Amino acid sequence: MTTQRTSGRRKQALAAAAVVAALLTTAACGGGDSDNGGSKNGAAGFDAANNKVAQASEAKKGGELKFASAQDADSWDTTRGYYGFMWNFSRYYSRQLVTNATEPGKAGAGVTPDLATGLAKVSDDGKTYTYTLRDGITWEDGKPITSKDIKYGIERVWAQDVLSGGPTYLKEVLDPKGEYQGPYKDKSKDKLGLKAIETPDDKTIVFKLPKANSDFEEMLALTSASPVRQDKDTKSKYGLHPFSSGPYKFQSYSPGKDLVLVRNTEWKQESDPIRKAYPDKISIKFFSNANDLDARLIAGDYDLDLAQTGMSPQGRTTALKQHKGNLDNPVSGYIRYAVFPQSVKPFDNEHCRKAVIYGADHVSLQTARGGPVAGGDIGTNMLPPSVPGSEGQKYDPYEMAGANKNGNVAKAKEELKACGKPNGFKTTIAVRNNKPVEVATAESLQASLKKVGITVDIDQYDGAQTPGIIGSPSNVKKKGYGIIIMGWGPDFPSVQGYGLPLWHSDYILDSGNNNYALIKDKTIDGLFDDYVNTLDDAGKEKIATEINHKVMEGGYYLPFVFEKFLNWRSSRLANVYTTDGYSGMYDFVNLGLKSTK
Amino acid sequence: MTAPLHEPTAEAAPSAAEEAAVAGAGSKAVQGRSLGRIAWERLKRDKLALTGGVVVLVLVAIALLAPLITHLVGQDPEAHHEDLIDPLFGTPIGSLGGISGDHLLGVEPVSGRDIFARIVYGARISLLVGFLSAIVAVVIGTILGILAGFFGGWVDSLISRIMDGLLAFPQLLFIIALVSVMPNEMLGLTGTGVRLFVMILVIGFFGWPYIGRVVRGQTLSMREREYVEAARSLGAGRFYILFKELLPNLVAPIIVYTTMMIPTNILTEAALSFLGVGVKPPTASWGQMLSSAIDYYDSDPMYMVIPGVAIFITVLAFNLFGDGVRDALDPKGSR
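So the sequence lines, in the order shown, correspond to chains D and L. Residue 89 in the numbering used here is what sits at position 87 of the first sequence, and the numbering runs on without skipping anything. Residue 175 in the numbering used here is what sits at position 149 of the second sequence, and the numbering runs on without skipping anything.
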């Protein structure tokens, strides 16, 4: 991150801290004097909850916490959900052996024990992980959660034919050869046939990895490692009513309309070191119109946006002008970028790829993303700031935030010459039609590339069909998509959790592909192999940095921004903070209300 | 607009514009031929219609001269001006959507493209689709309508049922579905070209039954008239009667319906572009501008107002002019 940015942050932090202090001393209803400051209604102030805890002391037990969302989860089944907000929200009704720390900012990305009494005892070769379970952990019917329930919950990841959609890291690490068939095809009587996990007794669980993986515990912190009880497993319908192991349980759920969680009376505070469980009731109301949703948030009818992907331009403007104290501006962990499939000519030639990188107007792309506040800082490389080993804007091999930020026509033409296309070429940008911001970036790219002689046609495809359209290399080649506009955030904050599906040659798939550039680089593959075997943090960071450099040097990607959001936090919320564990979202599980009515 | 009417009336020039006589008598050849002249006299007295006509002419001129006009004001419809955008809100700097000496109607949010230049270029798309799809509809509608009316029997039944079917067809949904499966390149066209071609054909195709019905009705009422009988008894062939005797008498209703159809087509184009299946970016279109203005209705209302007003003026002008032409061409119509 640049010094400029840090100092801006620091100023905001100071201002916000001052406001929080002022609020605490004047009993929550003075304030309002400072520009950045809280309003009469008690909002904590601009960025007051960004990477730090706002108004922790004001949280009261009870009340209804109201989420609003323009989008339902992909599934509420712990095995199947892949949306970031679903992982965050699922902590209300599910627990894992270990989970993200309930701390603001970077510390929130760390792993902390949840059902387990402590972090794993790892054998010296990094292949055996042993956990002991806590006492007093129970299901919503009062029965204890056993190591077998956890094993069964993890085994469900293998049943991809029935339970598709979720992350499959555990399957690939524990069973790389794909020998286990999944619990539904399991011939053993207890359906616990997976050999890589052992449950010597109800309180102990042992993971035996065929090959070490230094991020294994991060993978166990994912929602997909939640326990599921066999007699409550309704298979593909489980997402409609997951059986709770956390402080709240499902009361009602109508997909696309609303969801209500109420207290799980069997859950015991003393068995759970991380969840505060302040509200009595948690509800989500689903909206079909984002502008409507923002207006209702501003009106105070709801507390926060479930999706946590920033407000729409309209609501953002109103909020910034009138309710700045209710906004936070976290870095999301996502990078928004354009990627160049090497199968489409002339992008097989790295000089043609670099011509696009140099020809692009990075400030214009940033404006199209929403500007420095709502969009983010200009992206200069492919490792998000929240991932260990990232260098932020300090690593800027193409001077995208520096000398070339408005595009460098001369340099682009040089690259075109080196590519053998001195007069430019024609290509097509593929962009999702349901993301106006992405279409705006496509238009920006189109306008700046015109200046270097690259003529671009914009093809807007059905965003719901992404895996079959741009995720199919043969279709990409057929349609001639030389430039694909996408974004990616880490599943867990490591270079493996971010970059493996994007850059490793093994992850080039016929459908649902994410290695859009079709990178087949032995050096990069080798670095990932080294990474999983490296157990010390410094070594892991070094390899992450190296992978990032290799990817950037190949010119496969044109990053737009290190994304930032403007998220709404109602004046009723207390104990609010953003966490890198969930890509800069608020940590849902510990939100409280100031008043219980 | 009235020019084509004069052509077949070359030998009937002397018959003066005695309106009273025309209105009174319902007779054929002589008055029919001088109709154009009479209509023109009437139209000249209809100030509203004339205003509409002038506006239409101005719009056509703007569309034809778009490159010249934008060159004169020194703006390019596709050039970005991010320096004119407030990076915090994404809206133009300055009041009324960034209106200034350089940018007569302000600039677009986010990209900072000049709205005046985009409105001028947008007129091209609107009028092109409006006119060409009307022509497609008129050609198909006239031919099939006249055949149905003249031949009657199973020909009439068949064509009428097809028209009923098409009128009941959800054309907007059909076009949306069609555009999304269209290839990116066909017949030597790419991108926007393909979209325009498809839109014109499809809007025209779904518009012809409206003309077809009117033409069929008129033909039905005329085919038993004395002059047709006379021609027939003199041994005239079917196609002579169709195209030499009947068609000239259908010109008036066809013109009226065409002028009414153009604004409808312009609106359909705007609706399609609004829904994202119209022309492709960065080509400017009024409907697409309206659509992207939704996100800024509060923070930059001018962005929504300007293309809205452009569509409003265009449609109103065509409608006023069309109404005037109908009144002028229909001597029995109440005025």
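Even for Gly, the Cβ is constructed at its ideal location relative to N, Cα and C. As the structure is a computational prediction, the values presented were derived from the model and not from experiment.
Limits of the unbroken alpha helix (DSSP H) element including residue i
i, result
"residue 187 (chain L)", "179 to 194"
"residue 319 (chain D)", "315 to 324"
"residue 134 (chain L)", "From DSSP, residue 134 (chain L) is part of no alpha helix (DSSP H); its letter is neither H nor E."
"residue 95 (chain L)", "92 to 99"
"residue 336 (chain L)", "327 to 355"
"residue 443 (chain D)", "438 to 452"
"residue 553 (chain D)", "539 to 555"
Supposed close pair residue i, residue j - CB separation, criterion 8 angstroms
i, j, result
"residue 330 (chain D)", "residue 577 (chain D)", "The Cβ separation is near 14 angstroms, so there is no contact."
"residue 176 (chain L)", "residue 268 (chain L)", "6 angstroms"
"residue 596 (chain D)", "residue 574 (chain D)", "6 angstroms"
"residue 76 (chain D)", "residue 258 (chain D)", "No, residue 76 (chain D) and residue 258 (chain D) are not in contact; Cβ-Cβ is about 12 angstroms, not under 8 angstroms."
"residue 162 (chain L)", "residue 223 (chain L)", "Not confirmed; about 11 angstroms, so no contact."
"residue 458 (chain D)", "residue 431 (chain D)", "6 angstroms"
With 16 other Cβ atoms within 10 Å as the buried cut-off, status of residue i
i, result
"residue 260 (chain L)", "exposed"
"residue 357 (chain D)", "buried"
"residue 530 (chain D)", "buried"
"residue 100 (chain L)", "exposed"
"residue 338 (chain L)", "exposed"
"residue 271 (chain D)", "exposed"
"residue 185 (chain D)", "buried"
"residue 584 (chain D)", "buried"
"residue 236 (chain D)", "exposed"
"residue 514 (chain D)", "exposed"
"residue 187 (chain L)", "exposed"
"residue 212 (chain L)", "exposed"
"residue 324 (chain D)", "exposed"
"residue 254 (chain D)", "exposed"
"residue 107 (chain L)", "buried"
Beta-ladder partner(s) of residue i, from DSSP
i, result
"residue 483 (chain D)", "D:430"
"residue 575 (chain D)", "D:595"
"residue 298 (chain D)", "Residue 298 (chain D) is not bridged to any residue."
"residue 330 (chain D)", "D:569"
"residue 102 (chain D)", "D:113"
"residue 118 (chain L)", "L:111"
"residue 132 (chain D)", "D:123 and D:208"
"residue 56 (chain D)", "D:578"
Beta-carbon spacing of residue i, residue j below 8 angstroms
i, j, result
"residue 168 (chain D)", "residue 83 (chain D)", "yes"
"residue 581 (chain D)", "residue 180 (chain D)", "no"
"residue 551 (chain D)", "residue 526 (chain D)", "no"
"residue 47 (chain D)", "residue 422 (chain D)", "no"
"residue 278 (chain D)", "residue 391 (chain D)", "no"
"residue 491 (chain D)", "residue 386 (chain D)", "yes"
"residue 149 (chain D)", "residue 114 (chain D)", "no"
"residue 564 (chain D)", "residue 333 (chain D)", "yes"
"residue 398 (chain D)", "residue 408 (chain D)", "no"
"residue 223 (chain D)", "residue 101 (chain D)", "yes"
"residue 276 (chain D)", "residue 229 (chain D)", "no"
"residue 295 (chain D)", "residue 305 (chain D)", "no"
"residue 44 (chain D)", "residue 599 (chain D)", "no"
"residue 262 (chain D)", "residue 239 (chain D)", "no"
"residue 289 (chain D)", "residue 70 (chain D)", "yes"
"residue 216 (chain D)", "residue 536 (chain D)", "yes"
"residue 121 (chain D)", "residue 220 (chain D)", "no"
"residue 129 (chain L)", "residue 115 (chain L)", "no"
First and last residue of the uninterrupted beta strand (DSSP E) at residue i
i, result
"residue 284 (chain L)", "Segment 273 to 300 is the alpha helix (DSSP H) holding residue 284 (chain L); no beta strand (DSSP E) there."
"residue 115 (chain D)", "113 to 115"
"residue 283 (chain D)", "283 to 288"
"residue 604 (chain D)", "Within the shown structure, residues of chain D are numbered from 3 to 599, placing residue 604 (chain D) beyond reach of any answer."
"residue 462 (chain D)", "457 to 463"
"residue 255 (chain D)", "250 to 256"
"residue 68 (chain D)", "66 to 71"
"residue 268 (chain D)", "Here residue 268 (chain D) belongs to no beta strand (DSSP E), and DSSP marks it neither H nor E."
"residue 220 (chain D)", "Unbroken run through residue 220 (chain D) is the alpha helix (DSSP H), 218 to 222; no beta strand (DSSP E)."
"residue 424 (chain D)", "Per DSSP, residue 424 (chain D) belongs to no beta strand (DSSP E) and is neither H nor E."
Heavy atom of the ligand SAH within 7 angstroms of residue i beta-carbon
i, result
"residue 80 (chain L)", "This structure does not include the ligand SAH; it has no bound ligands of any sort."
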